[in-house]
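Numbering (mature numbering (1 follows the signal peptide of the UniProt record, and there is no 0)), first residue to last: -24 to -1, 1 to 458. Built from N, CA and C at the ideal position, the CB exists for glycine as well. Computed from a prediction, not measured in an experiment: that's the story for all the values here.
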Amino acid sequence: MRTINRKILVIIAIGAVFASFSCAKDFLEVNPSQETPEVALSDPDVAPQLVNAIYNQFLGFNMSSFPWYGATEITSDNADKGSDPGDTGTYQKNHADYTYTETEASFRLLWENHYQGIARANRAIILLPDVDIEEDLKNRLIGEARFLRGLMYFRMVQMFGGVPLIDFIPDPNSEEDINRAYQRASVEELYDFIEADLMFAINNLPLKSEYAPADLGRAPKGAALALMSKVKLYQEEWQAAYDYSLEVINSGEYQLEPNYEDIWKDEFENGVESIFEIQGRGELPTLGVGNYSTSQGARGQGGWGWGFNSPSEDLVNTYEEGDERMDGTIIFQGETLYDGRFVPETVTNERYNQKAYTNINAQSNAEKNVRLIRYGEVLLINAEAAFELGNTGIALERVNQIRDRAGLEDLESLTVLDIYKERRLELAMEGDRIFDLRRQGRAAEVMQAFGVPFVENKHELFPIPQEQIAQSGGLLEQNPGW
């Protein structure tokens, strides 16, 4: 029975490549006919859908929305559960209270959805070399697939540490393949794999400015460079983090959006600061990133959403007076938003995530891209790496670029804690905070001061889903402390 169950899970993991939904962005349109690999190899018009299906994976509720921001922000000092006190949000209260366990649905859903995306990427990477299309296009498509696979594996490392490294299409009838699919790789092995994917992407993706308008939103070279710099930052490879981030800076492809709050408005999607976004715009309310905006919208009388992921009072108190990023990050009761929408005192929570807001006319999932990589973060990666290398002059210059845009006075000197603070405020509510605290070695100190029972040498990683451990027949081992 265990072998049968493991086979079923492998089949699920390598399930349908093609999504039955599409997006208004031309390149995201996926044929719902679920073409066979043979058709993909023989029809050059179908082949790009192998890659489009990977992008579509990011549109899912359980990939980029409810469990993701619960695991990345509600577990941090940036956010409270929000919503109504009686609405636990299935698992969001456990995220906030640090009472989650290895059976938590959120971690199972994130695990499954990331591996579904990885399976789509593997299929594209394996099949595309044999497709009869122009070589540059072929390499570009493979580069996109490898960038997306690298991104997904990086997120898995951030969440769980070492995980199974699957770079093939498992045969559910092969015991050897099933065992390989459950064999946990080390963090070091995964970083090597991620970097190989990103290096291929760097060498084969065009610049953002070189894409045709119909391909707006596809991963450019700058996205691979920026992600590589972040991967190096997490490994404390300071020179490499500095060099890769500097290449993005010197490319001339990106700049800071003059007004911080504009970054998240509809009309500034894929703008001058954008390096990579989940393309969530759609012609119908059922399209977009699954309830990303609705689930974080104001709740109660006069509201328009579920009210989860409420910015914390601790975050509010961290902003300096006059920091324009606060209004670009937080919706307050009694506020009139940029599009004229009034947020009455009757809404349930005092604060909501401004970065998830669409507009007064938007419904459900429509009209919201999720910004994943932007130029502001690249400047901060460069600053932190420069500081660690002893080049405080460049670090100070980068930090002051960020502060200038926020309407703050320049700093005259700099500590690493200053950089950490700027990173927190610049990227608040964007899904980085808990991972930053962990890599900085400050998670226990900060979260215990925030009032949650963070256990050192346990909560630095999320638990491997118990269902996966059980189905692996003992091949997967649980993370320390769980």
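Gln442 versus Gln231: straight-line alpha-carbon distance, rounded: For the purposes of this step, residue 442 is identified with residue 466 of the sequence shown, where counting begins at 1. For the purposes of this step, residue 231 is identified with residue 255 of the sequence shown, where counting begins at 1. Cα to Cα, Gln442 sits roughly 44 angstroms from Gln231.
Nearest to Asn267 (by Cα), restricted to the options Ala420, Lys344, Tyr396 and His435: Position 291 of the sequence shown, counted from the start, is the residue given in the question as residue 267. Minimum Cα distance to Asn267 is reached at Lys344.
Inter-residue Cα distance where the pair is Glu432 and Ala420: One-based indexing of the sequence shown puts residue 432 at position 456. One-based indexing of the sequence shown puts residue 420 at position 444. The straight-line gap from Cα to Cα measures roughly 6 angstroms.
Beta-carbon proximity of Tyr328 to Ser271, cut-off 8 angstroms: The residue labelled residue 328 in the question sits at position 352 within the sequence shown. The residue labelled residue 271 in the question sits at position 295 within the sequence shown. No.
Continuous alpha helix (DSSP H) assignments of at least 4 residues falling wholly in the segment 166 to 205: none
Alpha-carbon to alpha-carbon, Tyr295 and Arg122: Sequence index remark: in the sequence shown, residue 122 carries index 146 (1-based). Sequence index remark: in the sequence shown, residue 295 carries index 319 (1-based). Roughly 38 angstroms separates the two Cα atoms.
Spatial neighbours of Ala23 in its chain, beta-carbon cut-off 7 angstroms, leaving aside the 5 residues before and after: By one-based count along the sequence shown, residue 23 stands at place 47. Ala16, Leu104, Val107 and Ile109, listed in sequence order.
Counted within 10 angstroms of its Cβ, other Cβ atoms place Gln33 as buried (16 or more) or exposed: In the sequence shown, residue 33 corresponds to position 57, counting from 1. Result: buried.
First through last residue of the beta strand (DSSP E) which encompasses Gly304: Taking the sequence shown and counting its residues from 1, the one referred to as residue 304 is at position 328. Not the beta strand (DSSP E): Gly304 falls in the alpha helix (DSSP H), residues Arg301 to Thr305.
Beta-carbon gap between Glu229 and Gly352 smaller than 8 angstroms: Taking the first residue of the sequence shown as 1, we reach residue 229 at position 253. Taking the first residue of the sequence shown as 1, we reach residue 352 at position 376. No, these two residues do not count as a Cβ contact at 8 angstroms.
Gly198 versus Phe284, Asn325, Ile225 and Gln215, residue with shortest Cα-Cα distance: The residue labelled residue 198 in the question sits at position 222 within the sequence shown. The shortest Cα separation from Gly198 among Phe284, Asn325, Ile225 and Gln215 belongs to Ile225.
Minimum C-alpha distance to Ser389 - residue among Arg374, Arg399, Leu401 and Arg381: Looking up residue 389 in the sequence shown gives position 413. Ranking Arg374, Arg399, Leu401 and Arg381 by Cα distance to Ser389 puts Arg374 first.
Segment contact, 8 angstroms Cβ cut-off, at least three pairs: the segment 70 to 82 with the segment 92 to 102: no
Buried/exposed call for Asn98, threshold 16 Cβ in 10 Å: The residue you call residue 98 lines up with position 122 of the sequence shown. Answer is buried; the Cβ neighbour count reaches 16.
Stretch-stretch touch, CB-based, cutoff 8 angstroms, three pairs: the segment 24 to 43 with the segment 382 to 397: no
Selection from Phe411, Glu398, Trp458 and His435 that minimises the alpha carbon distance to Glu49: Numbered from its first residue, the sequence shown carries residue 49 at position 73. Glu49 has its Cα closest to that of Phe411, out of Phe411, Glu398, Trp458 and His435.
Pro196 burial status per 10 Å Cβ neighbour count (16 or more: buried): Mapped onto the sequence shown, residue 196 falls at position 220. Classification of Pro196: buried, given that the 10 Å Cβ count is 16 or more.
Ser205 to Glu321 span [Cα, whole Å]: On the sequence shown, residue 205 is found 229 positions in, with the first residue counted as 1. On the sequence shown, residue 321 is found 345 positions in, with the first residue counted as 1. Rounded to the nearest angstrom, the two C-alpha atoms are 43 angstroms apart.
Pairwise C-alpha distance: Val27 and Glu364: If you number the sequence shown from 1, residue 364 lands on position 388. If you number the sequence shown from 1, residue 27 lands on position 51. Cα to Cα, Glu364 sits roughly 38 angstroms from Val27.
Proximity below 8 angstroms, CB of Arg347 to CB of Ile239: Taking the first residue of the sequence shown as 1, we reach residue 347 at position 371. Taking the first residue of the sequence shown as 1, we reach residue 239 at position 263. Yes. Within cutoff.
Supposed contact pair Ala371 and Ala382 - C-beta distance, whole angstroms, cut 8 angstroms: One-based indexing of the sequence shown puts residue 382 at position 406. One-based indexing of the sequence shown puts residue 371 at position 395. The pair is not a contact, with the Cβ atoms about 17 angstroms apart (cut-off 8 angstroms).
Residue nearest to Phe42 in terms of C-alpha spacing, selected from Lys69, Glu213 and Pro140: Numbered from 1 along the sequence shown, position 66 holds the residue referred to as residue 42. Ranking Lys69, Glu213 and Pro140 by Cα distance to Phe42 puts Lys69 first.
Burial state of Glu233, where buried means 16 or more other Cβ atoms lie within 10 Å: Stepping through the sequence shown from its first residue, residue 233 is reached at position 257. Burial call: buried.
Proximal residues to Phe438 (C-beta, below 7 angstroms), its chain only, five neighbours per side dropped: What you label residue 438 is simply residue 462 of the sequence shown in a count that begins at 1. Cβ within range, chain order: Ala47, Phe83, Met135 and Phe136.
Three-state secondary structure (DSSP) of Ser18: Taking the sequence shown and counting its residues from 1, the one referred to as residue 18 is at position 42. DSSP places Ser18 in helix when its eight states are reduced to three.
C-beta contact flag for Val292 and Ile307 at 8 angstroms: In the sequence shown, the residue the question calls residue 292 occupies position 316. In the sequence shown, the residue the question calls residue 307 occupies position 331. No, Cβ-Cβ distance for Val292 and Ile307 is not below 8 angstroms.
Boundaries (first-last residue) of the beta strand (DSSP E) holding Glu253: Here residue 253 refers to the residue found at position 277 of the sequence shown. Its beta strand (DSSP E) spans residues Ser250 to Ile254.
Buried or exposed by the 16-neighbour rule on C-beta atoms within 10 Å, applied to Leu387: Mapped onto the sequence shown, residue 387 falls at position 411. The residue in question, Leu387, is exposed, as its Cβ has fewer than 16 Cβ neighbours within 10 Å.
Ile154 and Gly126 closer than 8 angstroms at C-beta: For the purposes of this step, residue 154 is identified with residue 178 of the sequence shown, where counting begins at 1. For the purposes of this step, residue 126 is identified with residue 150 of the sequence shown, where counting begins at 1. No.
Under 8 angstroms between C-beta atoms of Thr312 and Asp242: Residue mapping note: residue 312 aligns to position 336 of the sequence shown, counting from 1. Residue mapping note: residue 242 aligns to position 266 of the sequence shown, counting from 1. No; because the gap between Cβ atoms is not below 8 angstroms, this pair is not in contact.
Neighbourhood of Phe176 by C-beta distance below 8 angstroms, restricted to the same chain and skipping five residues each side: Taking the sequence shown and counting its residues from 1, the one referred to as residue 176 is at position 200. Hits under 8 angstroms: Ile118, Gly119 and Arg122.
Neighbourhood of Gln215 by C-beta distance below 7 angstroms, restricted to the same chain and skipping five residues each side: Counted from its first residue, the sequence shown places residue 215 at position 239. Closer than 7 angstroms at Cβ, skipping near neighbours: Leu365.
Length of the line joining the Cα atoms of Pro20 and Thr64: Mapped onto the sequence shown, residue 20 falls at position 44. Mapped onto the sequence shown, residue 64 falls at position 88. Roughly 48 angstroms between the two C-alpha positions.
Opening and closing residue of the alpha helix (DSSP H) in which Asn38 lies: Residue numbering aside, residue 38 sits at position 62 when the sequence shown is read from its first letter. Segment Phe37 to Ser40, the alpha helix (DSSP H) holding Asn38.
Unbroken stretches of the beta strand (DSSP E), 3 residues or longer, contained in the segment 55 to 95: 55 to 58
Chain-order list of residues whose beta-carbon lies under 7 angstroms from that of Leu384 (same chain, five-residue window excluded): Numbered from 1 along the sequence shown, position 408 holds the residue referred to as residue 384. The residues are Glu296, Gly298 and Asp299.
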